[in-house]
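In my numbering, the protein residues as written are 23 to 311. Ideal Cβ positions, reconstructed from N, Cα and C, are used throughout, including at glycine. Remember, predicted model here, so these are calculated numbers, not experimental data. Quick notes on the structure that follows.
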């Protein structure tokens with residue numbers, strides 16, 4: 023049978039279409055096989071039993087990484103500038119003459135202001151009044167052993183008027199602190215305000231509390247970060263978070279870091295805090311760790 027040009031073109035076209043369909047089928051089958059292999063390999067991977075949510079988003083570094091990245095207040099440019107004279111000569115840090123009348127309140131000793139003005143202000147607050155920052159929901163009550171050790175870091179404003187309340191709140195909220203019990207701020211295991219308290223921040227001046235209704239329009243001369251032992255399940259990591267929050271606040275708002283005796287906070291002081299934690303763990307947990 024003789025084929026004309028038209029018949030040959032039709033036959034060639036059908037062959038091209040069949041080749042394209044076959045190639046597409048072959049590619050789809052190859053991708054399915056690859057996807058099946060990937061899914062099978064993923065199922066074979068061992069599950070991670072670690073609890074990455076223990077301390078929230080901040081990553082808990084290993085011992086060697088902590089030694090390399092340990093906060094060093096001696097290497098802080100902001101602190102070095104404060105310790106250089108006008109001609110670049112080194113001078114010893116001096117104690118700021120600030121009358122911080124009493125130590126910051128501790129978690130085991132609720133702070134109360136018994137003045138008549140404070141009592142009237144407390145009674146005048148409506149029960150359902152909404153505050154700019156919601157209080158963190160407290161964890162279910164449980165028996166807490168008495169606090170034996172308290173590690174304190176004070177942040178004192180360099181400005182005479184103190185820290186602006188709105189800027190102070192923004193800085194500590196970014197560090198994960200939430201307003202809660204005793205009218206002070208707490209850093210919980212979760213950044214959302216859930217879990218056990220890792221450390222807290224109080225007003226360094228009497229009565230030691232904060233009024234959320236007035237904080238945006240007021241100033242705070244100094245604040246105290248503090249952590250009690252026994253307290254957090256992982257006190258070394260909690261101390262690192264507390265140091266980071268205090269440094270962030272001092273850098274952003276212009277403050278000086280002080281220890282519990284209100285002397286200049288140094289790298290040696292931080293190392294002493296770590297040794298106190300290690301000694302506490304050795305004393306209470308021994309070889310159980």
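A contact between stretches requires three or more CB pairs, one per stretch, nearer than 8 Å, and the segment 216-223 meets this requirement with the segment 247-256. If you check the CB distance, residue 263 and residue 299 do not come in under 8 Å.
The segment 183-194 makes contact with the segment 271-279; the number of CB pairs closer than 8 Å reaches 3 or more. Per DSSP, residue 217 is not a residue of any beta strand (DSSP E), being assigned neither H nor E. By the CB criterion at 8 Å, residue 232 and residue 239 fall outside the cutoff. Residue 178 is not a Cβ neighbour of residue 282, given a cutoff of 8 Å.
Partner residues in the beta bridge of residue 208, as assigned by DSSP, are 200, 222. If you draw a straight line from the Cα of residue 195 to the Cα of residue 169, it comes to about 26 Å. Residue 200 is not a Cβ neighbour of residue 184, given a cutoff of 8 Å.
Residue burial annotation: residue 167 is exposed, with fewer than 16 other C-beta atoms found within 10 angstroms of its C-beta.
Taking 8 Å as the upper bound for CB-CB distance, residue 210 and residue 217 are in contact here, some 5 Å apart.
When rounded, the separation of the alpha-carbon atoms in residue 35 and residue 50 is 23 Å. Under the criterion of beta carbons closer than 8 Å, residue 258 and residue 304 do not qualify as touching, at roughly 13 Å. Comparing C-alpha distances from residue 203 to each of 292, 294, 230 shows the shortest one belongs to 230. The continuous stretches of alpha helix (DSSP H) do not include residue 248, which lies in the beta strand (DSSP E) extending over residues 244-251. Boundaries of the beta strand (DSSP E) harbouring residue 173: 171-179, taken from the DSSP string. If you look at residue 280, you'll find it in the beta strand (DSSP E) that goes 277-280. In the DSSP assignment, residue 232 forms no beta bridge with any residue. For residue 298, the enclosing alpha helix (DSSP H) begins and ends at 289-307.
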